[in-house]
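Working notes, structure below.
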């Protein structure tokens, strides 16, 4: 039992935080615990979690990707235009995933091959992807997404729980297997832990970095195609600032901003906690602008907890030595 708690300390801490938050908001306003609000939390967690589990991959390598919000809009607008044109819904979704993969691949290329700093590279592509989304839509939302596409990703499997939530969990399972059971995952962690040591060990660092960004962006593309199904439109303004929500979900879940550590299930829980906080603030009629403040504070606190946890671990190792 003690070993279980020690090995899953961060995840268990987030679960406790989720329960405490639900209790506090439930006492302050019982409406928070209504099924409609709980489903809303899961729906928001699906979008932020898909992005968060994806962005976790480049973060583990020691990088960052702040272009995910714009890439979501780009992929979503492409999918919406194809759906409105009568293209098969499954093909629309596949094209959206390809758009996301290529966007991530470009980010990885700029960082690994062109040697740009991750923040600078993805800040540039953030504008590029947003600009392309505006160009292909002429700056207007793509309306009239057919029901055949919307129903594919919106149908409810149990009660009001949508298939999109299952897709989110399947994505988390895929990333978990990739990180824990494949050589690629081992290399991703190795690069984040010590890039030069990984290179000297024969790891093709540039290729692994590119794959981390490309595969990670698939989560954002999934979020984009689901968002189109949910709203029935492809909007070039969608996703503005959502990169912060994705980073917050990953940080809360224990992903180290310095690289080398991250767990998809921690990010899943982080997305639920973060979404629960946002819904709670809405239920409490808190000004929207304060939600931005809350997002920033959550990231800062999560980063500090990570630093504190690392310090404690380091001290324990020194004592044993």
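Numbering (our numbering), first residue to last: 57 to 377.
All residues carry an ideal CB built from backbone N, CA and C; glycine is no exception.
Query: Are the beta-carbon atoms of residue 142 and residue 270 separated by less than 8 Å?; Result: no
Query: Whose C-beta lies closer than 7 Å to the C-beta of residue 190 among residues of the same chain, with five residues either side of it excluded?; Result: 292
Query: Which residue wins for smallest C-alpha separation from residue 228, given the options 108, 69 and 320?; Result: 320
Query: With residue 116 and residue 318 assumed to form a contact (beta carbons below 8 Å), what rounded beta-carbon distance in angstroms separates them?; Result: 4 Å
Query: On a Cα-Cα basis, can you pick out the residue from 224, 330, 84 and 99 that is closest to residue 353?; Result: 330
Query: If residue 151 and residue 138 are in contact, beta carbons under 8 Å, what's the gap, nearest whole angstrom?; Result: 6 Å
Query: Would you kindly check if the distance between the Cβ of residue 156 and the Cβ of residue 277 is under 8 Å?; Result: yes
Query: Between which two residues does the beta strand (DSSP E) holding residue 213 run?; Result: 212 to 214
Query: Mind the definition here: the segment 202 to 213 touches the segment 68 to 80 only if three or more C-beta pairs lie below 8 Å; say whether that holds.; Result: no
Query: Do you know how far the Cα of residue 100 is from the Cα of residue 86?; Result: 20 Å
Query: Looking only at its own chain, which residues have a Cβ that is under 6 Å from the Cβ of residue 172, when we skip the five neighbours before and after it?; Result: 166
Query: In whole angstroms, give me the CA-to-CA distance for residue 83 and residue 341.; Result: 15 Å
Query: Can you give the beta carbon distance from residue 326 to residue 70, rounded, assuming they're within the 8 Å contact cut?; Result: 6 Å
Query: Closest by CA to residue 268, which one among 253, 234, 148 and 296?; Result: 234
Query: Taking residue 125 as the reference, give the member of 74, 140, 106 and 119 with the closest Cα.; Result: 106
Query: Since I believe residue 201 is in contact with residue 261 (beta carbons under 8 Å), could you give me their beta-carbon distance rounded to a whole number of angstroms?; Result: About 41 Å; that fails the 8 Å criterion.
Query: So, at 7 Å on beta carbons, what are the nonlocal neighbours of residue 303 in its own chain, with the 5 sequence-adjacent residues on each side left out?; Result: 111 and 355
Query: Could you check if residue 252 is buried or exposed, using at least 16 other CB atoms within 10 Å of its CB as the buried criterion?; Result: exposed
Query: Give the list of continuous alpha helix (DSSP H) stretches no shorter than 4 residues that lie fully inside the segment 89 to 157.; Result: 91 to 116 and 124 to 140
Query: Got a sec, what are the start and stop residues for the alpha helix (DSSP H) residue 317 sits in?; Result: It is not in any alpha helix (DSSP H) - residue 317 carries neither H nor E in the DSSP assignment.
Query: According to the neighbour-count rule (16 or more other Cβ atoms, all chains shown, within 10 Å of its Cβ), is residue 334 buried or exposed?; Result: buried
Query: Along the chain, which unbroken stretches of the alpha helix (DSSP H) at least 4 residues long are found entirely within the segment 163 to 239?; Result: 174 to 193, 203 to 210 and 219 to 237
Query: So, using beta-carbon positions, are residue 313 and residue 305 closer together than 8 Å?; Result: no
Query: Between the C-alpha atoms of residue 232 and residue 363, what's the straight-line distance to the nearest angstrom?; Result: 24 Å
Query: Counting C-beta neighbours from all protein chains within 10 Å, is the total for residue 123 16 or more, i.e. buried, or is it exposed?; Result: buried
Query: Can you tell me which residues form a DSSP beta bridge with residue 275?; Result: Answer is none; residue 275 lacks a bridge partner.
Query: Leaving out five residues before and five after residue 286 in sequence, what residues of the same chain have Cβ atoms less than 6 Å from its Cβ?; Result: none
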